[in-house]
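Student:
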Amino acid sequence: MSKKSAKPKAPKLERVAELAMHLGGQHLAEYGSARSRQDFTQRQLMSCLILRAYLKTTYRGLLEILAGHGRLRTVLGMEEKLPHFTTLQKFSARSRVLEIADALIGRIGQVALRRQAKVEEEVAVAIDATGMETTVASAHFVSRSGRQRRRWVKLSLSVVCGCLFPLGLVLGWGPTNDKSDAPALLEKTLDQPLDCLPQRLYGDAGYDADWIHAYCREGWGVESIIKAVCRRADGKLGGTYRAKMTKAHLKRRTYGRRWEIESFISGLKRTTGSALLARTATNLLHEAALRVLAYTLNRR
Numbered sequence: 134m135s136k137k138s139a140k141p142k143a144p145k146l147e148r149v150a151e152l153a154m155h156l157g158g159q160h161l162a163e164y165g166s167a168r169s170r171q172d173f174t175q176r177q178l179m180s181c182l183i184l185r186a187y188l189k190t191t192y193r194g195l196l197e198i199l200a201g202h203g204r205l206r207t208v209l210g211m212e213e214k215l216p217h218f219t220t221l222q223k224f225s226a227r228s229r230v231l232e233i234a235d236a237l238i239g240r241i242g243q244v245a246l247r248r249q250a251k252v253e254e255e256v257a258v259a260i261d262a263t264g265m266e267t268t269v270a271s272a273h274f275v276s277r278s279g280r281q282r283r284r285w286v287k288l289s290l291s292v293v294c295g296c297l298f299p300l301g302l303v304l305g306w307g308p309t310n311d312k313s314d315a316p317a318l319l320e321k322t323l324d325q326p327l328d329c330l331p332q333r334l335y336g337d338a339g340y341d342a343d344w345i346h347a348y349c350r351e352g353w354g355v356e357s358i359i360k361a362v363c364r365r366a367d368g369k370l371g372g373t374y375r376a377k378m379t380k381a382h383l384k385r386r387t388y389g390r391r392w393e394i395e396s397f398i399s400g401l402k403r404t405t406g407s408a409l410l411a412r413t414a415t416n417l418l419h420e421a422a423l424r425v426l427a428y429t430l431n432r433r
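Take 134 as the starting number for the sequence shown in this note's numbering and just add one per residue.
#1: Let me know the secondary structure DSSP gives F224 once reduced to three states.
#2: So within the stretch 151-205, which uninterrupted alpha helix (DSSP H) runs reach at least 4 residues, ignoring any that extend past its ends?
#3: Using a threshold of 8 Å, state whether the C-beta atoms of T429 and P299 are closer than that.
#4: Quick check: what's the CA-CA separation for A347 versus S357?
#5: Can you name the residues that DSSP bridges to V286?
#6: Beta carbon of T322, beta carbon of V258: below 8 Å?
#7: Do R247 and C296 count as a contact pair if the criterion is CB distance below 8 Å?
#8: Would you give the residue range spanned by the alpha helix (DSSP H) that G400 belongs to?
#9: Runs of 3 residues minimum, wholly inside the stretch 350-399: which ones carry the beta strand (DSSP E) assignment?
#10: Just to check, is the beta-carbon of C294 closer than 7 Å to a non-hydrogen atom of the ligand SAM?
#11: May I ask which residues mark the beginning and end of the alpha helix (DSSP H) holding L327?
#12: Are the Cβ atoms of V208 and E147 separated by less than 8 Å?
#13: Should K431 and K145 be called a contact, given that it needs their Cβ atoms to be closer than 8 Å?
What follows is the structure in structure tokens.
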């Protein structure tokens, strides 16, 4: 096919909406209740929430954008009517929103693992955690004003190295030790079909613990490469597996690839922002998950 006859690529915002509608159709029933008004399907509302997270706007702000964007309304199937902002707000408050976002992220990650296995002999994943602010005031401003940054939404993520697609997501509240979220994150990351199980896992010093090595190696047969922190006066690393994590060993096992998850986190915050707009605890967690999903669809 010549370049002249090739179909022009749709704008990124429309592609995000198309992917959101496609994935939503695979995981969502048309309507949440047989007795509902059935003005809008669940995948339409879920796609609106994903677009809101992607655009870093409010519910009203999203509807204003949709009102002036005919092609985007066509993608969403909302040519004739748009939902009220309270409809989106109430749908966002549902507990299943987090479950749905988590399932979609896992589905995308599994596909990424299978594709990466075709180009690499050993597929690797990297894990890390980051925080998202619960106020638009920056951490620097809060610090300079003399206030304490008491808590933030904590995202623990696993990412497929090479293609940088997320595989697992655990949400909680910081500040907490990264190891506290490790069991749930490792289960989501490593509980995969045999044809898409990663062979290697990278983690920074926040995950330095022999039990994490044992979970990966003995439980799943996955080689764990985690930077060790020396806590002994003689300079030796204790533990069965930790003792092997010397600088020379980390270099041989390409520990530098761990920085790929840092690239994902950086792109996530640059694209969707690091400050959440929601106010209630439930909606803050939902918005954080939707931002990860929105950024993932943006990268596809």
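Ideal placement from N, C-alpha and C gives every residue a C-beta, glycine not left out.
These figures come from a predicted structure and were not determined experimentally.
Tutor: So, to answer that:
#1: Within the sequence shown, residue 224 is the residue found at index 91, counting from 1. Three-state result, F224: helix.
#2: 175-188, 192-200
#3: Residue numbering aside, residue 429 sits at position 296 when the sequence shown is read from its first letter. Residue numbering aside, residue 299 sits at position 166 when the sequence shown is read from its first letter. Contact flag set, yes.
#4: Position 214 of the sequence shown holds residue 347. Position 224 of the sequence shown holds residue 357. Cα to Cα, the separation comes out at about 9 Å.
#5: Within the sequence shown, residue 286 is the residue found at index 153, counting from 1. Paired residue(s): M265, W306.
#6: What you label residue 322 is simply residue 189 of the sequence shown in a count that begins at 1. What you label residue 258 is simply residue 125 of the sequence shown in a count that begins at 1. Yes, the pair counts as a contact, with Cβ atoms nearer than the cut-off.
#7: What you label residue 296 is simply residue 163 of the sequence shown in a count that begins at 1. What you label residue 247 is simply residue 114 of the sequence shown in a count that begins at 1. Against a cut-off of 8 Å, the Cβ pair of R247 and C296 comes out as no contact.
#8: Taking the first residue of the sequence shown as 1, we reach residue 400 at position 267. That run of the alpha helix (DSSP H) goes 392-405.
#9: 356-359
#10: No copy of the ligand SAM appears in this structure; indeed no ligand is present at all.
#11: As a position in the sequence shown, residue 327 is number 194, starting the count at 1. Here L327 belongs to no alpha helix (DSSP H), and DSSP marks it neither H nor E.
#12: As a first step, residue 208 must be located in the sequence shown, where it is residue number 75. As a first step, residue 147 must be located in the sequence shown, where it is residue number 14. The answer is yes: Cβ separation under 8 Å.
#13: As a first step, residue 431 is located in the sequence shown; it is residue number 298 there, counting from the start. As a first step, residue 145 is located in the sequence shown; it is residue number 12 there, counting from the start. The displayed chain sequence assigns Asn, not Lys, to residue 431. Cβ distance < 8 Å, so N431 and K145 count as in contact.
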